[in-house]
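Read the structure below first, then the notes.
There are 2 protein chains.
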Amino acid sequence: MYNCALLKFKDIVSNDGHLTSIEERIDVPFIIKRIYYITGVAQDAERGFHAHKTLHQVLICLNGSIKIRLKTPIKEEQIKLNDPSVGLYIGPLIWREMFDFTKGSVLLVAASDHYSEDDYIRDYNLYLDEAKDTFLSHSIHE
Amino acid sequence: MYNCALLKFKDIVSNDGHLTSIEERIDVPFIIKRIYYITGVAQDAERGFHAHKTLHQVLICLNGSIKIRLKTPIKEEQIKLNDPSVGLYIGPLIWREMFDFTKGSVLLVAASDHYSEDDYIRDYNLYLDEAKDTFLSHSIHE
């Protein structure tokens with residue numbers, strides 16, 4: 024999907040467990056200015072329901088599993104994250120919804136910038152309007 | 024303990040779970056260049072057993088619980104991490120050992136620099152030697 028990608032990180036496995044390292048600019052295509060994580064989500068709860076104008080993010084599920092629904096004006100995809108060595112890169116202008124958080128699930132996000140409410144698009148119709156031109160011009164390449 | 028501190032992060036709680044955000048320079052006293060996480064550790068396994076010459080790190084337990092043993096030439100402390108809104112800051116020249124990882128536990132670390140093997144001190148006697156002067160000069164303030 025345009026502006027989205029699954030990234031595979033190096034997973035250093037030993038008898039003492041797994042260590043996965045993410046270096047900015049090397050393992051993710053941006054500078055990490057902020058990280059955040061979501062825990063304690065009830066299984067029937069859904070989160071997200073927004074897009075970003077400029078922010079780049081990578082989402083990683085560190086325990087349990089979480090489903091992500093990605094939407095653009097021309098496409099919809101669903102991805103299950105359940106492997107700490109796999110990151111879902113989401114660039115600008117992608118609508119995301121997170122659901123089916125299993126008990127004890129942990130969603131870690133590395134973000135390219137500090138928090139700014141101005142960068143959010145929280146209304147879906149407004150999102151479709153803002154993203155329309157970008158995706159119509161890219162649809163022939165998808 | 025010198026060069027160590029517990030940091031309390033803002034925990035945004037809603038019906039949809041907890042979100043904790045860590046912005047570089049704001050919520051941690053350094054620029055985040057790398058993050059890494061440790062998962063799938065057996066309960067009887069121990070990790071760490073090193074100090075860093077210059078690296079600054081914050082350790083956060085995102086699920087389950089993990090114990091950290093901190094050592095300097097003059098002191099030893101043990102801390103249990105089990106709250107995603109609490110980070111353990113560890114600065115240079117602190118020896119650390121991690122143990123008692125519960126099933127499903129997740130240890131997230133934000134680090135001030137890229138990986139460099141040269142920054143590690145992995146021999147405890149060498150560590151005592153390198154850290155001795157720093158801690159003897161600080162001991163009167165502790």
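Line by line, the protein sequences are chains V and L. Taking this note's numbering, the leading residue of the first sequence gets 24, the next gets one more, and so forth. Taking this note's numbering, the leading residue of the second sequence gets 24, the next gets one more, and so forth. Backbone N, C-alpha and C define an ideal beta-carbon position, used for all residues, glycine too.
Short CB-CB distance (under 8 angstroms) between residue i and chain L
i	result
L85 of chain V	yes
R70 of chain V	yes
R57 of chain V	yes
S44 of chain V	yes
Y60 of chain V	yes
Residues of its chain near residue i, where Cβ-Cβ distance is below 8 angstroms and the 5 sequence neighbours each way are ignored
i	result
Q101 of chain L	K90, I91, R92 and L93
K126 of chain L	Q66 and G87
R145 of chain V	F72 and H73
A68 of chain L	F122 and F124
Residue i versus residue j - alpha carbon distance
i	j	result
Q80 of chain L	S128 of chain L	19 angstroms
D50 of chain L	K31 of chain L	9 angstroms
N38 of chain V	Y143 of chain V	43 angstroms
I83 of chain L	E120 of chain V	26 angstroms
G63 of chain L	P107 of chain V	10 angstroms
V109 of chain L	A134 of chain V	20 angstroms
R57 of chain V	D136 of chain V	6 angstroms
P52 of chain L	T77 of chain L	14 angstroms
F122 of chain V	N26 of chain L	40 angstroms
I45 of chain L	Y138 of chain V	10 angstroms
Y147 of chain V	V132 of chain V	22 angstroms
Sequence-distant residues of the same chain with beta carbon closer than 7 angstroms to residue i, five excluded per side
i	result
K103 of chain V	S88 and K90
L42 of chain V	I35
K155 of chain L	P96
A28 of chain L	Y112
Cutoff 6 angstroms; reference residue i; Cβ partners in own chain excluding five residues on either side
i	result
W118 of chain L	A74, K94 and Y150
E47 of chain V	I54 and I55
CB contact check: residue i to chain V, cutoff 8 angstroms
i	result
P52 of chain L	no
G114 of chain L	no
D39 of chain L	yes
L111 of chain L	no
E47 of chain L	yes
Inset, instruction - Quick one: which residues of the region 131 to 145 of chain L get their C-beta closer than 8 angstroms to a C-beta of chain V? List them in chain order. - result: L131, A133, H137 and Y138
Inset, instruction - Identify every run of the beta strand (DSSP E) within the region 78 to 120 of chain V, keeping only runs that are complete inside it and at least 3 residues long; order them along the chain. - result: 80 to 86, 89 to 95, 98 to 104 and 109 to 113
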